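>
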Amino acid sequence: MVAKADGLRARKMARTREGIAATALDMFAERGYEQVTIEEIAAAAEVAPSTVYRHFATKEQLALHHIGGGLAAVLERLRAIPVDAPIGDALTEALIGALARYDETVDVPRALAAQDLMAANPAVRAAMHGEVAEFRRELADEMRHRLAGTADTVVPALAGALVAAVYELALEAWYAAGGRTPSRQFAAEAIEVLALGGIPLPRQDIGSARGSLDALLAANADTPATSRHRAVERP
1 MVAKADGLRA RKMARTREGI AATALDMFAE RGYEQVTIEE IAAAAEVAPS TVYRHFATKE
61 QLALHHIGGG LAAVLERLRA IPVDAPIGDA LTEALIGALA RYDETVDVPR ALAAQDLMAA
121 NPAVRAAMHG EVAEFRRELA DEMRHRLAGT ADTVVPALAG ALVAAVYELA LEAWYAAGGR
181 TPSRQFAAEA IEVLALGGIP LPRQDIGSAR GSLDALLAAN ADTPATSRHR AVERP
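If you count by UniProt numbering, then the sequence shown holds residues 1 to 235, one letter each, in order.
#1: In whole angstroms, give me the CA-to-CA distance for M128 and E189.
#2: Between the alpha carbons of R110 and R180, how many angstroms are there, rounded?
#3: Quick one: grab the DSSP three-state call for P82.
#4: Just the C-alpha distance for H55 and F186, rounded to the nearest angstrom, thanks.
#5: Between L75, I38, A48 and A45, which has its C-alpha nearest E60's C-alpha?
#6: Distance check for M118 and A176, CA to CA, integer angstroms please.
#7: Can you tell me whether DSSP reads G69 as helix, strand or coil?
#8: Please confirm if the region 132 to 148 is in contact with the region 76 to 88, defined as three or more CB-CB distances below 8 Å between the two stretches.
#9: Give a yes or no on whether the C-beta atoms belonging to D103 and R17 are separated by under 7 Å.
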């Protein structure tokens, strides 16, 4: 009985959250992001301002609801996968699974409107960058947990950066396609390119790259800062 009540409560909260976000995005599109207040959103959604803040700490979070929530879903799915599962398989399953869920449930017109809003508003873009950065940190922590017993510090951070990049690329491509092609398809294509090594890298010979880097650092250390600045400024 308690479990049933908890389930009903969770569904009611989810409906309230979705209703607030949809109302906010419609108001942003109609009147402009800067011209809409949280109090006005609450009134239009027929809830108290405190209810809005309970679900969304900032107006930027409201604006990003239809495009940024998938990052949390990736982490949630990854944490549900056994720790001893192959890491590459676990990351792929979590990412593709989260995007598949997004494709099945997304409100396409509002998600496209949210992308338009983010492109036009620096504060919303900055908030999205912040969400991605936090996702990368949390994913790196999860990777360190899965790689327990190793001293590797590069792989966890790189995994977080790559998964975040694939997620962003998939949504950007989905947006460019007008929401007509599933985002998971773009993510799968990106993962295939990564797996096949189809991306040009700065250097693959790590020994030579290290030597070149050391030489560059040594040269810069012997060069006055003003000279380095002039070199950078020279066309």
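No residue lacks a Cβ here, since even glycine has one placed at the ideal position from N, Cα and C.
No experiment lies behind these values; they were computed from the predicted model shown.
To lay it out plainly:
#1: 23 Å
#2: 14 Å
#3: coil
#4: 30 Å
#5: I38
#6: 14 Å
#7: coil
#8: yes
#9: no
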